[in-house]
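*Asks:* My questions will all concern the structure given below.
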Amino acid sequence: MRLIDEQVRYSATDLANFLVCRHLTRLDVAATHGLVQKPRTKDLGAEALARRGEEHEMRVLTALRKRGWLVESAYEEGDDFEVRIAATEDALSRNVDVVYQGTLQRNDRLGISDFLIRADLLNGGQGYEVVDAKLARSAKAQAVLQSAFYSRLLQEILGIQPRNMHLALGNSEWVTFRVKDFAAYERQIDRLFRDFAEPEPIFPSADTYPEPVEHCAVCRWQSACVTRRRADDDLCLVAGMSSRQRKSLKAIGIATRRGFAALNEPPTLPHIGKESMAKAHAQARLQVRGEERGEWLWEFVEPERTDEGELTPNRGLLALPEPVKGDLFFDIEGARYYSEDGKEFGLQYLFGIVDSADLDDEGKPRYHAFWAFDRAGERDAFQNVIDFMADRLALHPTAHVYHYNHYEPTALDHLAELHLTREDVLRQLMGRFATREDELDNLLRRLVFVDLYRVVRQGIRASVESYSIKRLEPFYEYVRDVELTEVNERALLFEMALDEGEAADDIDGRRVMQGYNEDDCRSTLALRDWLELRRADLASELAQELPRPTPPELPEVQPDPDLRMLREALLENLPDEIERTPAQRAKALMADLLEFHRRDDKPKWWRYFHLSRDLADEELFEESDAVAGLVFEGVGEQVKKSKLYRYRFPAQEHGFRDGDPAEDPRSGNLWTIYEIDDATGVLSILRGPTKLDEPHPSALIEPRPQYRKTTHAASLRALAQRTLDVGDGEWPRSAAFDLLLRRRPNADGKGEGPLRRPDEDDVAAGRRLAANLSNSCLPVQGPPGTGKTYTGARQIIDLASEGKSVGVTANSHAVICNVLDEVDKLARLDQLSIRIGQKRGDDERWVNRAATDADLVYTSNGKVRDALRAHDVDVVGGTTWVWTDPDLEAIVDVLLVDEAGQMSLADALACARAAEAWFYSGIPCSWLIPARVLIRPVVMSRRWDTYSVTRTRCLMTSGSSSSARVGCIPTFVGSPPRSSMRTGFMASRGSNFRKSSGKVGSPAQD
Ligand code: SF4
């Protein structure tokens, strides 16, 4: 927002700010009109962030130049806006390839876009398209809104609406959105913003309040807002209180912490859980009481009990294992933006461990520091830490590793690392370097790590505004050696020194950061001892023994020596990666894929045990693979022999969709979510006659993993053996080999040139190529709505009409059903008789109607096999469990893998035994997203999920990006954490994005 020539000019940032905080808009408007001084705080963190943003922008600029595109800057130091606007319009009129820092203006709207790129260079379109460089690693609502704002300005200037807009993300991803999908949204926000901002400026604002939001962490008004909240004794000073709770209380006139604490009973409010409100109320009362007395107060949280009244094991103070000599106390320091290649970010530069069995000269448990100043050092430090832990735990088998995992929920959400637990970090490093897997798995399997934050939050209430370990230290009288103010000043400078490769010589910085880390480790030890005393207090208060936690009985997932030998044989005599031939690269890839299922199962089990065993319902509320706070609402309609049971749930982020399986973490019952509706907050589950009396779930989590070891892994092993048998000879044509080698589809008898003929559209090309496909793989890609399903269905019908058998597979029955429906619809239109069958899952909604009508719904793989062998069916849909079955070897002529990007490469290749030819269909974005394939280098994401590693990216296409592209050749590259999948606009609840738009391979990467 700027005052230029007495006129207020609005920018995209103003709209984005309006989205995140209305109070910020009020303050900015007031400042623009001179009612209040805009703070000019010198914030080292903000400066460092800005500097990194500029560095990222420069990287994108360099990548664009490398493509040979002519880049012209529309900005010179000292130019005023009029000059910049004229320079931009001039560059646009001369059709410059890329306009850097283009300043766009129409009426009172002013925008500075990072890059404007000629659309014909990107996708053959007209005019220009906006590319904004964003340091974040996932597309945020505000960033897309800004791009839509620039796109509208471009449209008004050039008279052509850009087709797409793009974000060049901090992890080198290039995310593309269709402008028309967001144009109406941008106009609406613009209207709302003007209605809000344009009346007379007001200061101080009477209709907004500085409610804490994520943006506060980087907001220039932060200091003023903090002061105001404290002066008001605002509810946000109550530790752990959610914004929804605050809002609901304010709506009934309770706006202060003391006012809330003074209530005799916590109020019952719509859509707010009773228990969570009671917890917040108790917290407020304790804080106020502590303040009034001038003392640090604590009390027990009522221990959780089972339905039978027994203490729930492993909750709160009951999660503390027996203290023993040899217990370790652990902490990590990380630099969030460190990168050596502009792709992989974050460096864990200091690991500290206090060893209770090893006393130093002063008789204190010895502290050990493991430093890393670059990526190679990080690998060494990680290995040393795991080896150190393994050694110590071998000496003291009953010892544990204690850590404290608090993070502030209002922290910058794009700093995903802040949300990682210490265990997550270790898992991430294990994935990053593909080392110490079995050692770390062994520690995790034995439940060696103990998170004291969880013990505190479930077991103790304290009169503190935040449950960071520093705030708890007065309770156990821990005195830090290094002042926190000194740490705050040094931490960012030290991160900068790491960036510049000078950290190893920054002696003072190292002293401060090591002292800080040592304090954290020692404080963790002191906290554990204090909690032990509280545990004893609780035992005497309850007058009973408190059980110690016992490790769960985990199914053994042992390394397979035969598999190892196969892997070693594949890797034998391979040169360094850079020198490998395509065949050698394919062998190495195959070798890494061999252990995919074993590795992939591990994090799923870790995650499952954490969700089902460690977390209380309130904590599950925060987890995206759980939906919590379920309250039974009633029994709905009958569906065949089953009944729908409806449950209400409060708004929360979760990943469940209709038809998803889910598990009740308390009873272990498995359910299918029949319907889930975020708008009404109601979900229903289907209960068969034998399950009507089962207990109501209060939460649902992703169900326990299924082992794919037997069929999927065995199929991969067979493929690996075939790969090995090829030796140094010519690889025969087959779908799996073509995919591994990234070979051109064997479909047109040519070795080069576009697969699509000039006189063909994509559908015609796809049909012709499919008809001629011989022992090969034909990838089809395109954004949503570009006709991939239609093309696939046409190909299937053509083949089936010629008497060929076709299999259809995907990750879910719903996707398979969708393809089969399309086949059925088109065949009927053409009055063709195609016999469609399906191997059904649990949810009968995802059974194709044609299959039901023709009685071709199969309940076992054996029935699929018999039907195909007897030629009773032309097309059969089934998940990979069907096509990896050894009894179904070469059972169909062609297999269609739909939504291929959602499927791991390992699972897709495991289907190789079913057919020698495949169509491999997916949207560009999903081809970029984690195929859950674990190969080197393995990348682990936040939480426990194992993400990928391998994703497929189109390198050669024969069509435009707005249509399905046939015959692209996939490549395999490293991939981002899961968080980057959330890239679609979620209109109804919150401002994050859910997947709704396509991504294309980054020109910057090509
Ligand atoms: S500090 Fe937070 S509450 Fe205050 S204006 Fe900024 S974003 Fe809004």
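Per my numbering, the very first residue in the sequence shown carries number 54; after that it's consecutive.
For every residue, glycine included, the Cβ atom is placed at its ideal position computed from N, Cα and C.
Predicted model, so just to flag it, every value in this text is computed and none were measured.
How many angstroms separate the CA atom of T693 from the CA atom of R902?
*Replies:* Before going further, note that residue 693 is Lys rather than Thr in the sequence given. One C-alpha to the other measures close to 16 Å.
*Asks:* Sort S296, V928 and G312 by Cα distance to I325 and report the nearest one.
*Replies:* Ranking the options by Cα distance to I325, first place goes to S296.
*Asks:* Looking at the unbroken beta strand (DSSP E) that takes in Q891, where does it start and where does it end?
*Replies:* First-last of the beta strand (DSSP E) with Q891: I889 to K892.
*Asks:* First and last residue of the beta strand (DSSP E) that includes W351?
*Replies:* Where W351 is concerned, the enclosing beta strand (DSSP E) stretches over W351 to F353.
*Asks:* When we look at the beta-carbon of E1066 and count the other beta-carbons within 10 Å, is it buried (16 or more) or exposed?
*Replies:* Lying before the first or after the last residue shown, residue 1066 is absent from the chain, which here runs from 54 to 1059.
*Asks:* Going by alpha carbons, who is nearest to R638 out of R651, L624, H650 and F649?
*Replies:* Checked all of R651, L624, H650 and F649; the closest Cα to R638 is L624.
*Asks:* Tell me whether V228 sits in a helix, a strand or coil according to DSSP, three-state version.
*Replies:* Correct three-state label for V228: strand.
*Asks:* Which same chain residues, not among the five before or five after Q158, have their C-beta less than 8 Å away from its C-beta?
*Replies:* Closer than 8 Å at Cβ, skipping near neighbours: R62, F134, I138, G164 and L206.
*Asks:* So the alpha helix (DSSP H) N570 belongs to, where does it begin and stop?
*Replies:* Its alpha helix (DSSP H) spans residues I560 to L595.
*Asks:* How would you label L586, buried or exposed, when you count the other beta carbons within 10 angstroms and need 16 or more for buried?
*Replies:* Label assigned to L586: exposed.
*Asks:* Shortest alpha-carbon distance to R244 belongs to which of F71, V872 and T603?
*Replies:* That would be F71, whose Cα lies nearest to the Cα of R244.
*Asks:* I'd like to know if R795 contacts chain B, where contact means its C-beta is closer than 9 Å to some C-beta of that chain.
*Replies:* In the structure shown, chain B cannot be found, because there is only a single protein chain.
*Asks:* Below 9 Å between beta carbons: does that hold for N828 and E942?
*Replies:* Their beta carbons are not under 9 Å apart, which means N828 does not touch E942 by this criterion.
*Asks:* What span of residues does the beta strand (DSSP E) with E318 cover, start to end?
*Replies:* Note, E318: premise wrong, no beta strand (DSSP E); not H, not E.
*Asks:* Starting from D73 and walking both ways along the alpha helix (DSSP H), at which residues does that stretch end?
*Replies:* First, the residue type needs correcting, since residue 73 is Val and not Asp in the sequence shown. Taken as a continuous stretch (DSSP letters only), the alpha helix (DSSP H) holding V73 covers A65 to V73.
*Asks:* Can you round the beta-carbon distance between V688 and Y700 to whole angstroms, since I take them to be within the 8 Å contact cut?
*Replies:* At roughly 11 Å, the Cβ-Cβ gap does not stay under 8 Å, so V688 and Y700 are not in contact.
*Asks:* Apply the 10 Å Cβ neighbour rule to S392 and answer buried if 16 or more other Cβ atoms are within range, or exposed otherwise.
*Replies:* When all chains shown are included, S392 counts as buried.
*Asks:* For the ligand SF4, I want to know if W274 counts as a neighbour, meaning its beta carbon is within less than 8 Å of at least one of the ligand's heavy atoms.
*Replies:* Yes, since a heavy atom of the ligand SF4 falls inside the 8 Å radius drawn around the Cβ of W274.
*Asks:* Using three-state DSSP, classify C272 as helix, strand or coil.
*Replies:* In the structure shown, C272 sits in coil (DSSP, three-state: anything other than H, G, I, E or B).
*Asks:* So does A284 have its beta carbon nearer than 8 Å to some heavy atom of the ligand SF4?
*Replies:* It does not: the Cβ of A284 is nowhere closer than 8 Å to a heavy atom of the ligand SF4.
*Asks:* Using a threshold of 9 Å, state whether the C-beta atoms of H456 and R428 are closer than that.
*Replies:* No; because the gap between Cβ atoms is not below 9 Å, this pair is not in contact.
*Asks:* Less than 9 Å between the beta carbons of Y128 and T85, yes or no?
*Replies:* Not a contact, by the Cβ cut-off of 9 Å.
*Asks:* Taking the straight line between their C-alpha atoms, what separation do you get for R666 and Q336?
*Replies:* So the alpha carbons of these two residues sit roughly 25 Å apart.
*Asks:* Between A679 and H707, is the Cβ-Cβ spacing less than 9 Å?
*Replies:* Their beta carbons are under 9 Å apart, which means A679 touches H707 by this criterion.
*Asks:* So is D925 buried or exposed if we call it buried at 16+ other beta carbons inside 10 Å?
*Replies:* D925 should be labelled exposed.
*Asks:* Using three-state DSSP, classify D801 as helix, strand or coil.
*Replies:* It is coil, neither helix nor strand.
*Asks:* Determine the DSSP secondary structure at M442, reduced to helix, strand or coil.
*Replies:* It is helical.
*Asks:* Say yes only if the C-beta of L80 is nearer than 8 Å to one or more non-hydrogen atoms of the ligand SF4, and no if none qualify.
*Replies:* Checking the Cβ of L80 against the ligand SF4 gives yes.
*Asks:* Please find out if some non-hydrogen atom of the ligand SF4 comes closer than 8 Å to the beta-carbon of P263.
*Replies:* P263: yes, Cβ under 8 Å from the ligand SF4.
*Asks:* So what does DSSP say about W501, is it helix, strand or coil?
*Replies:* The sequence as given places Val at residue 501; Trp does not occur at that position. In the structure shown, V501 sits in coil (DSSP, three-state: anything other than H, G, I, E or B).
*Asks:* Output the distance between the C-alpha atoms of R1031 and G954, rounded to the nearest integer angstrom.
*Replies:* Unreliable positioning characterises R1031 in this predicted model, as indicated by a pLDDT of 27, which lies under 50. A coordinate reading is not provided.
*Asks:* Give a yes or no on contact between the stretch 522 to 542 and the stretch 357 to 375, applying the rule of three or more CB pairs nearer than 8 Å.
*Replies:* No, the stretch 522 to 542 does not touch the stretch 357 to 375.
*Asks:* CB A410 to CB D380, shorter than 9 Å?
*Replies:* Against a cut-off of 9 Å, the Cβ pair of D380 and A410 comes out as a contact.
*Asks:* Does the distance from the CB of I726 to the CB of P714 come in under 9 Å?
*Replies:* Yes, these two residues count as a Cβ contact at 9 Å.
*Asks:* Name the two residues that bound the continuous beta strand (DSSP E) containing L188.
*Replies:* First-last for L188: undefined, no H or E at that position.
*Asks:* Within 10 angstroms of its Cβ, does S858 collect 16 or more other Cβ (buried), or is it exposed?
*Replies:* By the neighbour-count rule (16 or more Cβ atoms within 10 Å), S858 is buried.
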